[in-house]
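Engineer:
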Amino acid sequence: MKDVHAMSPVNNRLRLREVGVSGVRKPINIQRPGRAETLNAEFSVRVDLPPERKGSDLSRNAELLAELVDATATRPVQGLEAACREVARELLIRHTYATEAYVEARAQYFLPRGIRPERSSFEDYILLAEARATRGPAGEEPRVVWKIGAEAVGMTACPCAMETCRALLEKEFPLLKDPSLATLPIVSHNQRNRTTLSFELAEAAEIEADRILAAIEAAQSSPTYAILKRGDEATVVLTAHRNPKFVEDVIRDVLAQVPRLFPTVPDEAMIHARTRSEESIHKYDVTASHSVSLGDLRRGASPE
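Offset between the sequence shown (1-based) and my numbering: plus 344.
#1: Looking at the structure shown, is residue 506 part of a helix, part of a strand, or coil, going by DSSP?
#2: Can you check which of these residues, 546, 632 and 541, is closest to residue 553 by C-alpha distance?
#3: Alpha carbons only, please: which of 599, 606 and 478 is nearest the one belonging to residue 617?
#4: Which of the three DSSP states is assigned to residue 573 in this structure?
#5: Could you check how far apart the C-beta atoms of residue 421 and residue 371 are, in whole angstroms? I think they sit under 8 Å.
#6: When you compare each of 423, 517 and 405 to residue 432 by their alpha carbons, which one comes out closest?
#7: Is it the case that the Cβ atoms of residue 373 and residue 452 are separated by a distance below 7 Å?
#8: Go through its chain and collect everything with a Cβ distance to residue 393's Cβ below 6 Å, but skip five positions before and after it.
#9: Which of helix, strand or coil does DSSP assign to residue 648?
#10: Beta-carbon separation of residue 605 and residue 555 under 7 Å?
#11: How long is the line joining the alpha carbons of residue 636 and residue 544, rounded to whole angstroms?
#12: In whole angstroms, give me the CA-to-CA distance for residue 428 and residue 507.
#13: Closest to residue 469 by C-alpha separation, out of 350, 346, 356 and 539, would be which residue?
#14: Using three-state DSSP, classify residue 616 as helix, strand or coil.
#15: Please report the distance separating the alpha-carbon of residue 443 from that of residue 631.
#16: Report the CB separation of residue 499 from residue 536 in whole angstroms; it is logged as a contact under 8 Å.
#17: Please report the distance separating the alpha-carbon of residue 503 from that of residue 628.
#18: Anyone know if the C-beta pair for residue 425 and residue 473 falls short of 7 Å?
#19: In angstroms, rounded to a whole number, what distance separates the CA positions of residue 351 and residue 484?
#20: Please report the straight-line C-alpha distance between residue 448 and residue 518, rounded to a whole angstrom.
#21: Residue 405 lies in the alpha helix (DSSP H); which residues open and close that run?
#22: What separation, rounded to the nearest whole angstrom, lies between the Cα atoms of residue 647 and residue 640?
#23: Select from 354, 590, 625 and 581 the residue whose C-alpha is nearest the C-alpha of residue 619.
#24: From 396, 368, 367 and 501, pick the residue whose C-alpha is nearest to that of residue 357; which is it?
#25: Please report how far the alpha carbon of residue 481 lies from the alpha carbon of residue 489, in whole angstroms.
#26: Please go through the region 422-508 and give each complete beta strand (DSSP E) segment of 3 or more residues, from N-terminal end onward.
#27: How many angstroms separate the CA atom of residue 574 from the CA atom of residue 580?
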């Protein structure tokens, strides 16, 4: 049978950076500290294509993912990022013509959370992982750069609108000017906030996803919860209004926690943070992002 993929292109001979499959959903078993979990993960798997080949052998990608998932039934991987690294290396073995392999994965992740113990339930988060393997000289292992991150949804309260409302209310209710009421929470508009924190490395390191999520939630005005009674709702609203934040505040605050929460991660690790506040009174969203090395964070370098 003629292998059309291995034939030369008829007209344009151009190296393509990435060709592959995306949206491949698989259950994958991972080993968390003290517990095993099954993640519902979605993968994107790609390799580069040299100019002398018409097409990439896409079925090899699907086969590899199926084999990996089957293997985790008896041999759980240490994390989603570990699975991505394993797949990226194996892609270069199966695609002998490729020099680069790229894997992305995202998965639903659940942790028991609640505004109080009796309200605890499983809240959903997103885990994110990537790996890029680059073929080295003959006989050498490929170089693998990988990322692990997570996304959490919380809320923010706008500090600018809060102060504007305070000034207007002081005119209407002069008693609010009393110094004893200076810390009284004042009305403001709120946002649903989505923040992602991720680590990029080229060497082995232990990075616990639960700590990533803890850093994110501590940087938002308040976490949000699936189960809230009326009194609980008031607690969440007051917590957020006592802790109003711009997206800029969220980015700075989440980055400030990284050196303390991840003391064993090497200085060379790149830290990526991004946040989006879905505005309630505007027809647009507000975003912020920053990337910085962990070494710079530890030295107290200001984000540039």
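Beta carbons: idealized from backbone N, C-alpha and C, even for Gly.
Structural biologist: Taking the coordinates as given:
#1: As a working mapping, residue 506 is identified with position 162 in the sequence shown. Helix.
#2: The residue given as residue 553 occupies position 209 in the sequence shown. Looking at the Cα atoms, 541 is the closest of the given residues.
#3: Within the sequence shown, numbered from 1, the residue matching residue 617 stands at position 273. Ranking 599, 606 and 478 by Cα distance to residue 617 puts 599 first.
#4: If you number the sequence shown from 1, residue 573 lands on position 229. Residue state, collapsed to three classes: coil.
#5: On the sequence shown, position 77 is the one that residue 421 refers to. On the sequence shown, position 27 is the one that residue 371 refers to. Your pair residue 421 and residue 371 does not check out as a contact, with CB atoms roughly 12 Å apart and the cut at 8 Å.
#6: As a first step, residue 432 is located in the sequence shown; it is residue number 88 there, counting from the start. For the residues 423, 517 and 405, the minimum Cα distance to residue 432 belongs to 405.
#7: As a first step, residue 373 must be located in the sequence shown, where it is residue number 29. As a first step, residue 452 must be located in the sequence shown, where it is residue number 108. Result no, Cβ atoms of residue 373 and residue 452 do not sit closer than 7 Å.
#8: Position 49 of the sequence shown, counting from 1, holds the residue named residue 393. Cβ within range, chain order: 360, 363 and 400.
#9: Within the sequence shown, the letter at position 304 stands for residue 648. Note that residue 648 scores a pLDDT of 47, beneath 50, so its modelled location is shaky; the value from the coordinates is reported in the next line. The answer is coil: DSSP assigns residue 648 none of H, G, I, E or B.
#10: The residue you call residue 605 lines up with position 261 of the sequence shown. The residue you call residue 555 lines up with position 211 of the sequence shown. A contact, by the Cβ cut-off of 7 Å.
#11: For the purposes of this step, residue 636 is taken as residue 292 along the sequence shown, with counting starting at 1. For the purposes of this step, residue 544 is taken as residue 200 along the sequence shown, with counting starting at 1. Cα to Cα, the separation comes out at about 10 Å.
#12: Reading the sequence shown from its first residue, position 84 is the one you call residue 428. Reading the sequence shown from its first residue, position 163 is the one you call residue 507. Answer to the nearest angstrom: the Cα atoms are 47 Å apart.
#13: The residue labelled residue 469 in the question sits at position 125 within the sequence shown. From the listed residues 350, 346, 356 and 539, the smallest Cα separation to residue 469 is found for 539.
#14: Against the sequence shown, residue 616 aligns to sequence position 272. Looking at residue 616 - three-state DSSP - the assignment turns out to be strand.
#15: As a working note, residue 443 is residue 99 in the sequence shown. As a working note, residue 631 is residue 287 in the sequence shown. C-alpha separation (whole angstroms): 35 Å.
#16: As a working note, residue 499 is residue 155 in the sequence shown. As a working note, residue 536 is residue 192 in the sequence shown. About 6 Å separates the two Cβ atoms, so the contact holds.
#17: By one-based count along the sequence shown, residue 503 stands at place 159. By one-based count along the sequence shown, residue 628 stands at place 284. Using only the alpha carbons, I get a separation of about 18 Å.
#18: Here residue 425 corresponds to residue number 81 of the sequence shown, with the count starting at 1. Here residue 473 corresponds to residue number 129 of the sequence shown, with the count starting at 1. In this structure, residue 473 lies closer than 7 Å to residue 425 by Cβ.
#19: Within the sequence shown, the letter at position 7 stands for residue 351. Within the sequence shown, the letter at position 140 stands for residue 484. Approximately 29 Å between the Cα atoms of the pair.
#20: Along the sequence shown, one-based indexing puts residue 448 at 104. Along the sequence shown, one-based indexing puts residue 518 at 174. Spanning the alpha carbons of residue 448 and residue 518 requires a straight line of approximately 57 Å.
#21: Taking the first residue of the sequence shown as position 1, residue 405 is located at position 61. Taken as a continuous stretch (DSSP letters only), the alpha helix (DSSP H) holding residue 405 covers 402-416.
#22: Position 303 of the sequence shown, counted from the first residue, corresponds to residue 647. Position 296 of the sequence shown, counted from the first residue, corresponds to residue 640. Legend: pLDDT at residue 647 = 45, less than 50; position of this residue unreliable, value from coordinates given subsequently. Their backbone Cα atoms lie some 8 Å apart in a straight line.
#23: Indexing the sequence shown from 1 puts residue 619 at position 275. Minimum Cα distance to residue 619 is reached at 590.
#24: Here residue 357 refers to the residue found at position 13 of the sequence shown. Ranking the options by Cα distance to residue 357, first place goes to 396.
#25: Translated into the one-based positions of the sequence shown, residue 481 becomes position 137. Translated into the one-based positions of the sequence shown, residue 489 becomes position 145. Rounded to the nearest angstrom, the two C-alpha atoms are 17 Å apart.
#26: 444-457, 465-478 and 487-501
#27: For this step, residue 574 is matched to residue 230 along the sequence shown. For this step, residue 580 is matched to residue 236 along the sequence shown. Looking at the backbone, the Cα of residue 574 and that of residue 580 are separated by about 10 Å.
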